[in-house]
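The opening position of the sequence shown corresponds to residue 33 in the numbering used here, with each subsequent residue numbered one higher. For reference, the structure discussed in these notes is given below.
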Amino acid sequence: MIVNSRLKSMTNTTDDILNAHRRLEVPLAGLNDCLPVNSDNPETSPRSMPYKYHTTDVFSDTPFAGNQLAVVPDARGLSDAQMATIAREFNYSETIFFLPPANPANTCSVRIFTPGSELPFAGHPTVGGAMVMAMTGEIELTGAETRIVLEEGVGPVPVMIRSENGKPVFAQLTTGKLPEKGDESHDARDIARIISLDIRDIDTEGDAAIEPWSAGVPYLIVPLKSLDALGRSRINFDLWEKKLKGCWAPETYLFVETDESRARDGIRNGNGEIRTRMYAPALGIPEDPATGSAVASLAGYLAARSSIRDGMLRYTIHQGVEMGRASRMELEVDVANGVVKAVRIGGAAVLIASGTLHVP
33 MIVNSRLKSM
43 TNTTDDILNA
53 HRRLEVPLAG
63 LNDCLPVNSD
73 NPETSPRSMP
83 YKYHTTDVFS
93 DTPFAGNQLA
103 VVPDARGLSD
113 AQMATIAREF
123 NYSETIFFLP
133 PANPANTCSV
143 RIFTPGSELP
153 FAGHPTVGGA
163 MVMAMTGEIE
173 LTGAETRIVL
183 EEGVGPVPVM
193 IRSENGKPVF
203 AQLTTGKLPE
213 KGDESHDARD
223 IARIISLDIR
233 DIDTEGDAAI
243 EPWSAGVPYL
253 IVPLKSLDAL
263 GRSRINFDLW
273 EKKLKGCWAP
283 ETYLFVETDE
293 SRARDGIRNG
303 NGEIRTRMYA
313 PALGIPEDPA
323 TGSAVASLAG
333 YLAARSSIRD
343 GMLRYTIHQG
353 VEMGRASRME
363 LEVDVANGVV
373 KAVRIGGAAV
383 LIASGTLHVP
């Protein structure tokens, strides 16, 4: 994959952003052709170094919806501490930093930070970061589908970028790690109190159960009985700290099947529609409007309950509705003899802003 230093023409809101980008004092540069960020020459080392950044709304094709993301397209020269500080400055769920790949066969290496920690993998930064790099010309599109590989903490993560008329419209990642179930168990009454619900709101009928799953970042999957319960849910931080903070899966991912999907037994038949909410106090995220890594964990939970033992399961995941930032994630799960073989998560993204960071 060629990392390009040339911006490509976009339309409407994106045109305005990119035109403003061209007026910045610092020219846009690709990962492989820009000057080193830090210089030992005192005559050329300013007090602060400029770094380009973009912001985008991910898992939505509508501006000011979805999950916000900050993207630093060339993070060479930034220390771990500086990346963490920049992530806290943006205060989005995540900020992604692009670096040259360790393996030249891959496209880029990335670092992903929440306001509180670094993550080995996250879905919305992977999808959103790839879309932004394609929108701004940092990654060159090669046709209707462009395939790249991002190096993340969990390993290489393949990403497919779909374009129409030369413009990216959708990106889909393939997880670098398959979902696995954890060993922890929890009293449903405790979990109900932590999310400010009654025990009767939690679905424990049939094979429904509270379970910890991880595809890189562990989540406690909590099935609910109704959309009403999902809407009433609130995280009780004091109880969370007492009961979940030190657990393998301290972040809670609540889900409920929509009425229409439930009427056709969508989850069991491998074509379901689901509403979710995610609370992640340990990551410095009170609530997240879209969480790809949680969807990857949910894939394991759903596949274990599907009647489809071979083939592809498809689910549409809606998150962020209660926050006023509706997101839509498309989940595909390949199974063979009931075993998960691949997990893919995709969605759209919208470029919102571009600018310059001045880093001391």
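Cβ coordinates follow ideal geometry from the N, Cα and C atoms, glycine included.
Contact set for residue i: own chain, Cβ-Cβ below 8 Å, skip 5 residues either direction
i	result
Arg264	Ser228, Leu229, Asp233
Leu110	Val69, Tyr83, Val104, Ile118, Phe129, Val391
Ala134	Ser141, Glu183
Ser195	Ala166, Leu173, Gly175, Ala176, Glu177, Thr178, Val201
Three-state class that DSSP yields for residue i in the structure shown
i	result
Ser265	coil
Asp366	strand
Asn301	helix
Ser215	Residue identity check: residue 215 is Asp in the sequence provided, not Ser. In this structure, Asp215 counts as coil in the three-state DSSP scheme.
Lys274	helix
Leu101	strand
Phe122	helix
Gly160	helix
Gly238	coil
Leu210	coil
Ala374	strand
Ala314	helix
Neighbourhood of residue i by C-beta, 7 Å cutoff - its chain only, sequence neighbours within 5 removed
i	result
Asn303	Arg346
Gly335	Per the sequence shown, the amino acid found at residue 335 is Ala instead of Gly. Result list for Ala335: Leu345, Val365, Val367, Val372, in chain order.
Paired residues, beta bridge with residue i - DSSP
i	result
Arg194	Glu177, Phe202
Asp233	DSSP, once it has assigned bridges, lists no residue as partnering Asp233.
Gln114	None, per the DSSP bridge assignment.
Tyr251	Trp245, Glu283
Ser359	Gln351
Ile128	Val103, Ile144
Leu182	Cys140, Val189
Ile306	Glu289, Ile349
Leu259	None; Leu259 has no bridge partner.
Residue i: first and last residue of the uninterrupted beta strand (DSSP E) it sits in
i	result
Leu345	343 to 351
Gly387	381 to 391
Pro318	317 to 320
Ser141	140 to 145
Limits of the unbroken alpha helix (DSSP H) element including residue i
i	result
Val327	324 to 335
Glu292	291 to 295
Thr87	Looking at the DSSP string, Thr87 is not in any alpha helix (DSSP H); the run it does join, the beta strand (DSSP E), is 81 to 90.
Thr168	No alpha helix (DSSP H) contains Thr168, which DSSP labels as neither H nor E.
Ala224	220 to 226
Pick from the options that is closest to residue i, judged by C-alpha positions
i	options	result
Ala113	Val90, Pro132, Thr146	Thr146
Ser359	Glu243, Ala380, Leu389	Ala380
Asn123	Arg376, Ser92, Gly148, Pro321	Gly148
Glu362	His156, Gly175, Val142, Thr284	His156
Gln204	Thr178, Gly185, Arg300, Pro211	Thr178
Arg300	Tyr333, Pro282, Leu271, Gly160	Tyr333
Ala247	Ser80, Thr87, Asp235, Val375	Val375
Leu151	Val371, Thr323, Glu364, Ile349	Thr323
Glu292	Pro136, Asp215, Ile306	Ile306
Ala385	Thr290, Ala102, Val191, Met81	Ala102
Asp93	Phe269, Ser80, Gly160, Ile267	Gly160
Arg309	Thr206, Gln351, Asp239, Met192	Gln351
Cβ shell of residue i (< 6 Å), same chain only, five flanking positions each side left out
i	result
Ala154	Glu126, Ile144, Ser325
Leu276	Pro282
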